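Here is the structure we will look at, set down as structure tokens.
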Amino acid sequence: MENKQYVYLITLDWATEDDKGFEFDICATPQKAFEIFRKRIKAEKNPNNSWVGEEVFAEDGCVKESYILDTFVDRTFSKSSRWCISDDDTGRFSDIYLRRVLLQ
């Protein structure tokens with residue numbers, strides 16, 4: 015039986031009214047991948063780094079009414095993990111994905 019090898023891909027896809035970008039990290043272990051996934055989410059929630067931290071969350075940590083939070087975390091890697099904030103009124107979003115990728 016073949017031994018399958020994987021890498022773990024973390025992506026940040028974002029857009030504001032006047033700019034957009036795409037960043038990624040590749041990790042050899044799921045532990046490191048989840049660490050980076052959590053760090054990227056924390057950075058997006060920081061008002062000094064992102065519009066998300068400045069505008070999206072109320073003082074109690076809840077998402078304000080005009081924003082959409084889509085989140086799913088799967089530590090088994092049967093599906094991709096995702097954390098996405100979007101503002102449909104302006105088209106802004108911050109979308110973080112974590113995927114396991116089979117090496118061939």
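Quick note: the sequence shown uses our numbering, first residue 15, plus one each step.
Here a beta-carbon is modelled for each residue, glycine too, at the ideal position from N, C-alpha and C.
On a predicted model such as this, the values are computed, not experimentally measured, just so you know.
At 3 residues or longer, what runs of the beta strand (DSSP E) sit wholly inside the segment 53-91?
82-86
Looking at C-alpha atoms only, which residue of 107, 89, 102 and 105 is the closest neighbour of residue 43?
Here residue 43 corresponds to residue number 29 of the sequence shown, with the count starting at 1. Nearest of 107, 89, 102 and 105 to residue 43, Cα basis: 89.
Buried or exposed (CB count within 10 angstroms, at least 16 for buried), residue 72
Sequence index remark: in the sequence shown, residue 72 carries index 58 (1-based). Exposed, because fewer than 16 other Cβ atoms sit within 10 Å of the Cβ of residue 72.
Selected residue, minimal CA-CA separation from residue 106, among 82, 39, 48 and 25
Translated into the one-based positions of the sequence shown, residue 106 becomes position 92. It is 82 whose Cα lies nearest to the Cα of residue 106.
Reduced DSSP category for residue 46 - H, G, I as helix; E, B as strand; rest coil:
Start at 1 with the first residue of the sequence shown, and residue 46 comes out as number 32. The answer is helix: DSSP assigns residue 46 an H, G or I state.
is_contact[residue 16, chain C] using C-beta, thresh 7 Å:
Among the chains of the structure shown, chain C does not appear; only one protein chain is present.
Quick check on the burial criterion: 16 or more other C-beta atoms within 10 angstroms. Buried or exposed for residue 86?
Along the sequence shown, one-based indexing puts residue 86 at 72. Its Cβ having fewer than 16 others within 10 Å, residue 86 is exposed.
State the start and end residues of the unbroken beta strand (DSSP E) segment that holds residue 105.
Position 91 of the sequence shown, counted from the first residue, corresponds to residue 105. Looking at the DSSP string, residue 105 is not in any beta strand (DSSP E), and its letter there is neither H nor E.
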